[in-house]
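Just so you know, we're using our numbering here: the sequence shown kicks off at -7 and counts up by one. All C-beta atoms in this analysis are idealised placements derived from N, C-alpha and C, irrespective of residue type, glycine included. Heads up, the thing below is written out as structure tokens.
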Amino acid sequence: MTQSSATHDAIDPITLEVIRHGLISTTNQIDANIKRTAFSPYIYEYNDFAVGVTDIQGRLVAQCTGGMPPFVADSVGAAVRDGIKIYGMERLHYGDVLVCNHAAVQGQHLNNTVMYTPIAEHADGSGKLIGYVAINVHWIDIGGTMNNSHDIFMEGLQLRSIKMWSKGEPIEEVYRIIENNTRLPVELLGDIQAQLSGCFLGRDLIARLVEKYSTATFERAIEIILDQAEAAARQHIRNLPDGEYTHETWLDNDGQGDAPIPVKVRVIIKDDEITVDYTGIAEQAKGSINSGYHGGGLTTARVAFRYLVAPDEPANEGLFRPLKLILPQGTILSADPTAPMANYPMPFPTVIDAVIKALEKALPERVTGGHFATHSGFRLFGRRANGRPFNGHDSGHGGWGACATHDGAGPFRTMAHGDTRLIPIELQERLLPFRVESIALRQDSGGPGKFRGGLGFAKKYRILEDCQLQTNLDRTNHPAWGVLGGKEARPGRVLVIDEAAGTTTPKFKAHGEPLAAGSVVILETGGGGGYGPPAERDPALVQRDLDEGYVSIEAARAEYGFAVDDKGQVTTRRS
-7 MTQSSATHDA
3 IDPITLEVIR
13 HGLISTTNQI
23 DANIKRTAFS
33 PYIYEYNDFA
43 VGVTDIQGRL
53 VAQCTGGMPP
63 FVADSVGAAV
73 RDGIKIYGME
83 RLHYGDVLVC
93 NHAAVQGQHL
103 NNTVMYTPIA
113 EHADGSGKLI
123 GYVAINVHWI
133 DIGGTMNNSH
143 DIFMEGLQLR
153 SIKMWSKGEP
163 IEEVYRIIEN
173 NTRLPVELLG
183 DIQAQLSGCF
193 LGRDLIARLV
203 EKYSTATFER
213 AIEIILDQAE
223 AAARQHIRNL
233 PDGEYTHETW
243 LDNDGQGDAP
253 IPVKVRVIIK
263 DDEITVDYTG
273 IAEQAKGSIN
283 SGYHGGGLTT
293 ARVAFRYLVA
303 PDEPANEGLF
313 RPLKLILPQG
323 TILSADPTAP
333 MANYPMPFPT
343 VIDAVIKALE
353 KALPERVTGG
363 HFATHSGFRL
373 FGRRANGRPF
383 NGHDSGHGGW
393 GACATHDGAG
403 PFRTMAHGDT
413 RLIPIELQER
423 LLPFRVESIA
433 LRQDSGGPGK
443 FRGGLGFAKK
453 YRILEDCQLQ
463 TNLDRTNHPA
473 WGVLGGKEAR
483 PGRVLVIDEA
493 AGTTTPKFKA
503 HGEPLAAGSV
513 VILETGGGGG
523 YGPPAERDPA
533 LVQRDLDEGY
543 VSIEAARAEY
553 GFAVDDKGQV
563 TTRRS
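Below you can see the structure in the form of structure tokens.
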């Protein structure tokens, strides 16, 4: 028990659990309603948003069980605290709705816009304010360049803690500014309305919870919830071996040049605290892969912390109290707010992966092989024959690393994505000028090992109208690593095929590449790394992989050392 929890007034444990889970269930209900009411498939299918609740100080108290981890790890709290700083509590009122996407506050690209509204202690809006509902939604288009940016000012509309509603009334001028700074006003304003409705729904549900148990009981419960999360995290850390652990890897480049980008991490475990040291991380880049201290460095440290230390604990500010961060200013994870950030999350999966890899020797039973760790971004944009713009994003699911007990999972999104999903192919084809001709697991993409890494996939697109292509693929030079004797996976790639000319061209980071109607694009995603020596793999598992087509006969022979006949049947292990 922490010092602060010892001073709490008594509260009935049943009441405490009702309030704890009431907050979480409220965020999940908001999550479900946004999916039902949003206009853009990137919200209602892809799930590019997250819901949080903060206390009156802007501390994260609860979050939805799905959603994007980088959205709630610290961005919603940072936005709320900025609003408090700018307006002061005396100028924040029930019925106010604020939005913030400012890089100096949240440290992410400008599409990620937090909307939040105060919660009063009574459902009719009377009484004092006791917290905020905050929802971070990826606004589908906020102006700015469609290609690579060189500073934040090229990336679109910036809103720093702006009131969209004041005391229950919408501010029409703000809506008009937003409507006239997007290429897709119908979709964006529809998503904003879904986001707004979510804020109001959460506000009212939590106010009823407060009315039921009293403001004093609710506020005591919040303090206990945060302190209990801290105590649980510290207990988990005490079970880890003290020491200093490091790992270094590289991103391919920043999208502007060819120089590799170093990702060097140090993890210090001492007593009941963990320190993540990013001193060796790359300096701020010219390319748009930068993020801020909040929204970047702190976010990735928190996500990695949850994977390693407390994956089953509800996330809130208390859970992260034992986590310390060493991060100098001016890196790709602590960039100046004017730095380009359009592709800010590109380093995140690799950074999180590197923190986990650093603990390979300390936690051999818990670490996994590396995962494919790249967004595998695929974007088509242009204009229809009627002049209407289109801007379609797709991205790849890839393989995750194997662990001490089983093969790697996947294809899934990266560790930085939470439960975001592929948009259904039927909907993609209805909205965008391409046809998906095939999608299949990618044979031999998983890293060999006693337990094999998860597989990536191969997806084939036929382009139906002239357009432009943007791709964002990384970890091609340093693919998902194996651990404890496991081998690395195959990296991903994008192939552009001109069937008439008979050419196939690889594209890794394309910025507005022209595509003619009839072109073929193949997206192949990487696999996950293996765990343990391949020579220790159970022959029955190798046979299963052959039967299912997960590995080829050649790989079974070369990587696992088995004699395999031409019918794909394992006979003996070769010496």
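Problem set entry | Environment of K159 [buried if 16+ CB atoms lie within 10 Å] | exposed
Problem set entry | Beta carbon of F192 nearer than 8 angstroms to that of T57 | no
Exercise. Going by other Cβ atoms of all chains shown within 10 Å of its Cβ, with 16 needed for buried, is E516 buried or exposed?
Worked result: buried
Exercise. In chain order, what residues of the same chain have a beta carbon less than 6 angstroms from the beta carbon of T137, not counting five sequence neighbours either side?
Worked result: M146
Problem set entry | Close-in-space but distant-in-sequence residues of the same chain around P440 (CB under 6 angstroms, 5 per side omitted) | K479, G522, P526 and E551
Exercise. Of all the options D399, Y38 and Y34, which has the alpha carbon lying nearest to the alpha carbon of I132?
Worked result: Of D399, Y38 and Y34, the residue nearest in Cα terms is Y34.
Problem set entry | Beta-carbon proximity list for A331, same chain, < 6 angstroms, skipping 5 on both sides | Q276 and N282, listed in sequence order.
Problem set entry | Three-state secondary structure (DSSP) of P5 | DSSP places P5 in the helix class (H, G or I) of the three-state scheme.
Exercise. Within 10 angstroms of its Cβ, does P5 collect 16 or more other Cβ (buried), or is it exposed?
Worked result: exposed
For this session: Tell me whether the beta-carbon of N139 lies closer than 8 angstroms to the beta-carbon of H367.
Result: no
Exercise. Going by beta carbon distance, what residues of the same chain come within less than 6 angstroms of V513, once the five residues before and after it are set aside?
Worked result: Y453 and V488
For this session: Could you check if P568 is buried or exposed, using at least 16 other CB atoms within 10 Å of its CB as the buried criterion?
Result: Here the chain covers residues -7 to 567 and nothing more, so residue 568 does not appear.
Exercise. CB T7 to CB I198, shorter than 8 angstroms?
Worked result: Cβ distance not < 8 angstroms, so T7 and I198 don't count as in contact.
For this session: Using beta-carbon positions only, say whether I261 and L218 come within less than 8 angstroms of one another.
Result: no
For this session: Leaving aside the five residues before and after S67 along the sequence, list all residues of the same chain whose C-beta is less than 8 angstroms from its C-beta, in chain order.
Result: So the qualifying residues of the chain are Q98, G99, Q100, N104, V106, N128, H286, G287 and T291.
Exercise. Assuming A481 contacts F364 under a Cβ cut-off of 8 angstroms, what Cβ separation, rounded to an integer in Å, is found between them?
Worked result: Yes, A481 and F364 are in contact; Cβ-Cβ is about 7 angstroms, under 8 angstroms.
Exercise. Which residues in the same chain have their Cβ closer than 8 angstroms to the Cβ of I144, if we skip the five residues on either side of it in sequence?
Worked result: A95, L102, Q150, P329, T330, A331, P332 and M333
Problem set entry | Selected residue, minimal CA-CA separation from M338, among I324, L121 and K349 | I324
For this session: Check the DSSP bridge columns for I266 and list the partner residues they point to.
Result: I261 and L315
Exercise. In its own chain, which residues sit with a C-beta less than 8 angstroms from the C-beta of V202, not counting the 5 before and 5 after it?
Worked result: Excluding sequence neighbours, V202 sits near I111, E113, H114, I122 and F210.
Exercise. In or out: D250 buried (at least 16 other Cβ within 10 Å) or exposed?
Worked result: exposed
Problem set entry | Rounded C-alpha distance that separates Y237 from Y167 | One C-alpha to the other measures close to 50 angstroms.
For this session: Determine the closest residue to F500 out of V125, P177 and F370, with distance taken between C-alpha atoms.
Result: F370
For this session: Counting only the same chain and skipping the five closest in sequence on each side, list residues whose C-beta sits under 8 angstroms from that of F554.
Result: P531, V534, A548, V562, T563, T564, R565 and R566
Exercise. Between which two residues does the beta strand (DSSP E) carrying V486 extend?
Worked result: R485 to D490
For this session: Could you spell out where the alpha helix (DSSP H) holding S387 opens and where it closes?
Result: Looking at the DSSP string, S387 is not in any alpha helix (DSSP H); the run it does join, the beta strand (DSSP E), is P381 to S387.
For this session: Would you grab the beta carbon distance between A302 and H228 for me? Rounded to a whole angstrom, and I think it's under 8 angstroms.
Result: With a beta-carbon spacing of about 5 angstroms, A302 and H228 fall inside the 8 angstroms limit used to define contacts.
For this session: Write down every uninterrupted run of the alpha helix (DSSP H) in the stretch 36 to 113 whose length is 4 residues or greater and which is fully enclosed by it, in chain order.
Result: 61 to 64, 67 to 79 and 95 to 98
Exercise. Based on the DSSP output, what are the partners of N128 in its beta bridges?
Worked result: A42 and V106
For this session: Within its chain, find whatever has a CB closer than 6 angstroms to the CB of G44; leave out the 5 residues flanking it on each side and keep chain order.
Result: L52, Q55, V64, V68 and A126
Exercise. Can you tell me whether DSSP reads R434 as helix, strand or coil?
Worked result: Coil.
Exercise. Based on Cα-Cα distance, which residue from V89, D116, H142 and L317 lies nearest to D153?
Worked result: Looking at the sequence shown, residue 153 is not Asp but Ser. Closest by C-alpha distance to S153, out of V89, D116, H142 and L317, is V89.
Problem set entry | Sub-8 angstroms separation of G446 and G391 beta-carbons | yes
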